[in-house]
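**Q**
Quick look at the structure:
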């Protein structure tokens, strides 16, 4: 290679002899020692052994890159690798079995950077040859290139040029070498192979970060990549807490985690890391050095001028061997938030395209400035110009000046913390990101699964129990409300926003005679879709019928009728307009008029249920039966949306019973249910989930019996508190998403 114009600041200067390539191996080894925290070393030898020797291939360069179709180009590149191995195998000095990987360095420049018009379209591109790549060109029967007299097969390798520099562009080989080595180690490409556009930009080795500072300081692998290769084990955050410390990657904070993981659901999670060096801004130093000069400096000149004691150079070849912090090439510093979606990765990893779809990436950077720029293209006059690979505004820190930046990452922020799956709210809030520290930063983590105004705590005495809550649009105005009673005989109504029903600060709406918990039912007398009646009964046989109005202004709802029945009740009321029904201890079922409470007629029914049979429209019967346990009322629902109804019930022990055409399937809870199940599509996936309360948890199951994402929910309860009855599922706040009242 011509050494005309070479200066002390030329990147990867000639001559490109055996010592030069040996130093390139040293440079990539130093990079991987830093990136892997000492877990990976790259040690190699250069052949031929002569200082300036090279192997001669049987064809000229143009033969190996005909620049025609992708298939033909790939086939010829494979031939280059095969021919190079064949020539090297003739050299008795090489014993291939001593090595894990073969890298071929070819003469000339790599066809790896698009500078617009390409004057040399037949330059050879750099790439990693995987076994699948070989088989695609040579057939599925290809097992490897035979070497060492048949004792070894080579089925993978790397192809690199002698240099990445060309006229008008100085570019180091280290970044391209490190990225292809990453492919060998199992790293996924994080750009879009289809569009050749960025996926994570400058923030990771396996995208354009390999060219940071013109390839001198390739970006360290992304948080996802380091976790994938088990170089780091992230700290798992499964409980909200404040003032969480995060150490800077390769910083002086050995006692702090450098990677934090926050789960969203079974497939998705967030990874947080503190990247960059707040004390070093190479781009600013470059701009200062470029002032009042006829020619631009190289980044090597910046490093040698400002950080001579923090880099290592090869005196013999001029190759940059190492830098103190490979993240000096990032556009800034701060916390990076990565959204990982394993469902995308599972579907695309086999083809190495996990970030091919920019709208559905497996590894997505949550750009703090609120604008999704990475991977998009902008013209000179568009606001996103020069942000396509990421900018300093994409880091999270207290002093980020981006107009949309709020120092909070939550369901309502931009970007937001919602899941990819159904765009469901995660309830995750990361906030109060600190200012940039020299080696660590802090932030707060909250995961509030409660709606605004909840949990709502009221206290009217000791040892108060509550019944199953009901929810409906009640009263003339049709206000959404939650209605429940307690063991003092008091009945409460709370609006969906946690406010009082009849008056702002008052939840009590009625009292029944006696000191026991009334059972409640709601009814709609005039069939207008709004509940205007409430029936309250006690086991002592007292019946009270209410109307959701307050005609006398006493902040209690009006009583329509109250009376004492001759028998005690064994069940709560059940409404089927225009009647309500109550079961007695003797086995009777009494029927009353919902409008005025007058008795209508009497029916008879068994008073205990240890077995029941469900008959489908096709007369297919399924029986639930047990001699030693009772059942909560069954519910019939089409769980999986296939047009066939299933029957679901919970026993009073720990069993979930689910029947379909294949009979009864049983699942087991860790603790007994405390009421019948409820059903709703809580994750907006088009299928009903089964929701049930236990003493201290809300459980949700998919139709196949697996636990739903983010469940069970462990509620924060006061001493001696426990859940009771069936959970209520409603849209309390009008956001078109279901809320669960336990």
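Residue numbers (our numbering): 328 to 1069.
For glycine and all other residues, C-beta sits at the position ideal for the given N, C-alpha and C.
#1: Note the first and the last residue of the continuous beta strand (DSSP E) segment covering residue 809.
#2: Determine, using beta carbons only, whether residue 858 and residue 801 come nearer to each other than 8 Å.
#3: When we look at the beta-carbon of residue 988 and count the other beta-carbons within 10 Å, is it buried (16 or more) or exposed?
#4: Which ranges does the alpha helix (DSSP H) cover as unbroken runs of at least 4 residues, wholly within the segment 443–488, from first to last along the chain?
#5: Terminal residues of the continuous alpha helix (DSSP H) containing residue 575?
#6: Using only the alpha-carbon positions, how far apart do residue 888 and residue 861 sit?
#7: Short of 6 Å in beta carbon distance, which residues of its chain neighbour residue 575, apart from the five on each side in sequence? Order them along the chain.
#8: Nearest-angstrom Cα distance between residue 475 and residue 417?
#9: Do residue 926 and residue 1005 have their C-beta atoms closer together than 8 Å?
#10: Look at residue 531 and residue 549 and say whether their C-beta atoms are less than 8 Å apart.
#11: Taking just the CA atoms, how far does residue 482 sit from residue 346?
#12: Who pairs with residue 433 in a beta bridge, going by DSSP?
#13: Tell me the rounded alpha-carbon separation between residue 455 and residue 477.
#14: Out of 581, 404, 589 and 874, which one is the CA nearest neighbour of residue 922?
#15: Looking at C-beta atoms only, is the number of pairs between the segment 658–671 and the segment 681–692 that lie closer than 8 Å three or more?
#16: Near residue 840, what residues of its chain come up, given a Cβ to Cβ distance below 6 Å and the 5 sequence neighbours on each side ignored?
#17: Using 8 Å as the cut-off, can you tell me whether the segment 643–656 makes contact with the segment 538–545, which would need three or more C-beta pairs spanning the two stretches below that distance?
#18: How should residue 621 be labelled, buried or exposed, when 16 other C-beta atoms within 10 angstroms of its C-beta is the threshold for buried?
#19: By the DSSP assignment, the alpha helix (DSSP H) with residue 609 in it spans what residues?
#20: Per DSSP, residue 861 is paired with what?
#21: Count the other CB atoms, across all protein chains shown, that sit within 10 Å of the CB of residue 581; report buried if there are 16 or more and exposed otherwise.
#22: If you reduce the DSSP assignment to three classes, tell me which class residue 1001 lands in.
#23: If I measure Cβ to Cβ from residue 773 and keep anything under 7 Å in the same chain, skipping five residues before and after, which residues do I get?
#24: Between the segment 335–350 and the segment 487–507, can you find at least three pairs of beta-carbon atoms closer than 8 Å?
#25: Are the beta-carbon atoms of residue 533 and residue 514 separated by less than 8 Å?
#26: Is the segment 423–438 touching the segment 485–492 in the sense that three or more CB pairs, one from each, lie closer than 8 Å?
#27: On a Cα-Cα basis, can you pick out the residue from 333, 366 and 379 that is closest to residue 349?
#28: Where does residue 556 sit, in a helix, a strand or coil, going by DSSP?
#29: What's the call for residue 623, buried or exposed, on a 16-neighbour Cβ count within 10 Å?
#30: Is there a Cβ from chain B that is less than 8 Å from the Cβ of residue 855?
#31: Does the contact criterion of 3 or more C-beta pairs under 8 Å hold for the segment 735–751 versus the segment 589–599?
#32: Assign residue 798 to one of three DSSP states: helix, strand, or coil.
#33: Alpha helix (DSSP H) containing residue 508: first to last residue?
#34: Would you mind sorting residue 1044 into buried or exposed? The rule is 16 or more other CB atoms within 10 Å of its CB.
#35: What is the DSSP secondary structure of residue 682, counted as helix, strand or coil?
#36: Could you round the C-beta distance between residue 554 and residue 598 to whole angstroms and report it? I think they count as a contact, below 8 Å.
**A** Once the coordinates are examined:
#1: Taking the chain shown and counting its residues from 1, one reaches residue 809 at position 482. 806–812 is the extent of the beta strand (DSSP E) around residue 809.
#2: Translated into the one-based positions of the chain shown, residue 858 becomes position 531. Translated into the one-based positions of the chain shown, residue 801 becomes position 474. Cβ atoms of residue 858 and residue 801: closer than 8 Å.
#3: Against the chain shown, residue 988 aligns to sequence position 661. With a pLDDT of 44 at residue 988, under the threshold of 50, the modelled position of this residue cannot be trusted; read the value that follows with caution. Exposed.
#4: Runs of the alpha helix (DSSP H) lying entirely within the segment 443–488, each at least 4 residues long, are 458–465 in chain order.
#5: On the chain shown, residue 575 is found 248 positions in, with the first residue counted as 1. Where residue 575 is concerned, there is no enclosing alpha helix (DSSP H), because DSSP gives it neither an H nor an E.
#6: Taking the chain shown and counting its residues from 1, the one referred to as residue 888 is at position 561. Taking the chain shown and counting its residues from 1, the one referred to as residue 861 is at position 534. For residue 888 and residue 861, the distance between alpha carbons rounds to 11 Å.
#7: As a working note, residue 575 is residue 248 in the chain shown. Sequence-distant Cβ neighbours of residue 575 in its own chain, meaning closer than 6 Å and more than five residues away, are 601 and 766.
#8: One-based indexing of the chain shown puts residue 475 at position 148. One-based indexing of the chain shown puts residue 417 at position 90. Computed Cα separation, rounded: 9 Å.
#9: Sequence index remark: in the chain shown, residue 926 carries index 599 (1-based). Sequence index remark: in the chain shown, residue 1005 carries index 678 (1-based). Residue 926 places its beta carbon 8 Å or farther from that of residue 1005.
#10: Here residue 531 is taken as the residue at index 204 of the chain shown, counted from 1. Here residue 549 is taken as the residue at index 222 of the chain shown, counted from 1. Yes.
#11: Taking the chain shown and counting its residues from 1, the one referred to as residue 346 is at position 19. Taking the chain shown and counting its residues from 1, the one referred to as residue 482 is at position 155. Residue 346 and residue 482: Cα-Cα distance of roughly 27 Å.
#12: Numbered from its first residue, the chain shown carries residue 433 at position 106. Looking at the DSSP assignment, residue 433 forms a beta bridge with 488.
#13: Position 128 of the chain shown, counted from the start, is the residue given in the question as residue 455. Position 150 of the chain shown, counted from the start, is the residue given in the question as residue 477. Whole-angstrom Cα-Cα distance: 23 Å.
#14: For this step, residue 922 is matched to residue 595 along the chain shown. It is 874.
#15: The answer is yes - the segment 681–692 touches the segment 658–671, with three or more Cβ pairs under 8 Å.
#16: For the purposes of this step, residue 840 is identified with residue 513 of the chain shown, where counting begins at 1. In its chain, beyond the 5 residues on either side, 869 have a beta carbon closer than 6 Å to the beta carbon of residue 840.
#17: These segments touch.
#18: Here residue 621 is taken as the residue at index 294 of the chain shown, counted from 1. Exposed, by the Cβ-count rule.
#19: Sequence index remark: in the chain shown, residue 609 carries index 282 (1-based). Counting along the chain, the alpha helix (DSSP H) containing residue 609 begins and ends at 609–617.
#20: Numbered from 1 along the chain shown, position 534 holds the residue referred to as residue 861. For residue 861, which the question treats as bridged, DSSP gives the partners 849 and 873.
#21: Mapped onto the chain shown, residue 581 falls at position 254. Result: exposed.
#22: Residue numbering aside, residue 1001 sits at position 674 when the chain shown is read from its first letter. Note: residue 1001 maps to coil in three-state DSSP.
#23: Locating residue 773 in the chain shown gives position 446, where the first residue counts as 1. The beta carbon of residue 773 is closer than 7 Å to those of 567 and 756 in its chain, skipping five residues each way along the sequence.
#24: Contact holds: three or more Cβ-Cβ distances are below 8 Å.
#25: Against the chain shown, residue 533 aligns to sequence position 206. Against the chain shown, residue 514 aligns to sequence position 187. Going by C-beta atoms, residue 533 is nearer than 8 Å to residue 514.
#26: By the Cβ criterion, the segment 485–492 is in contact with the segment 423–438, since at least three pairs of Cβ atoms, one from each stretch, lie closer than 8 Å.
#27: Within the chain shown, the letter at position 22 stands for residue 349. For the set 333, 366 and 379, the Cα lying nearest the Cα of residue 349 is the one of 379.
#28: Sequence index remark: in the chain shown, residue 556 carries index 229 (1-based). In the displayed model, residue 556 falls within coil according to three-state DSSP, outside both helix and strand.
#29: Position 296 of the chain shown, counted from the start, is the residue given in the question as residue 623. Classification of residue 623: exposed, given that the 10 Å Cβ count is below 16.
#30: This model lacks chain B altogether; it includes just one protein chain.
#31: Cβ pair count under 8 Å is three or more, so yes.
#32: Sequence index remark: in the chain shown, residue 798 carries index 471 (1-based). Three-state DSSP puts residue 798 in a strand.
#33: As a first step, residue 508 must be located in the chain shown, where it is residue number 181. It spans 501–512 - the alpha helix (DSSP H) in which residue 508 sits, taken as one unbroken run.
#34: To locate residue 1044, count along the chain shown from 1; it is residue 717. By the Cβ neighbour-count rule, residue 1044 is exposed, with fewer than 16 other Cβ atoms within 10 Å of its own.
#35: For the purposes of this step, residue 682 is taken as residue 355 along the chain shown, with counting starting at 1. DSSP places residue 682 in the coil class of the three-state scheme, outside both helix and strand.
#36: Working through the chain shown from its first residue, we reach residue 554 at position 227. Working through the chain shown from its first residue, we reach residue 598 at position 271. The Cβ separation is near 7 Å, so the contact holds.
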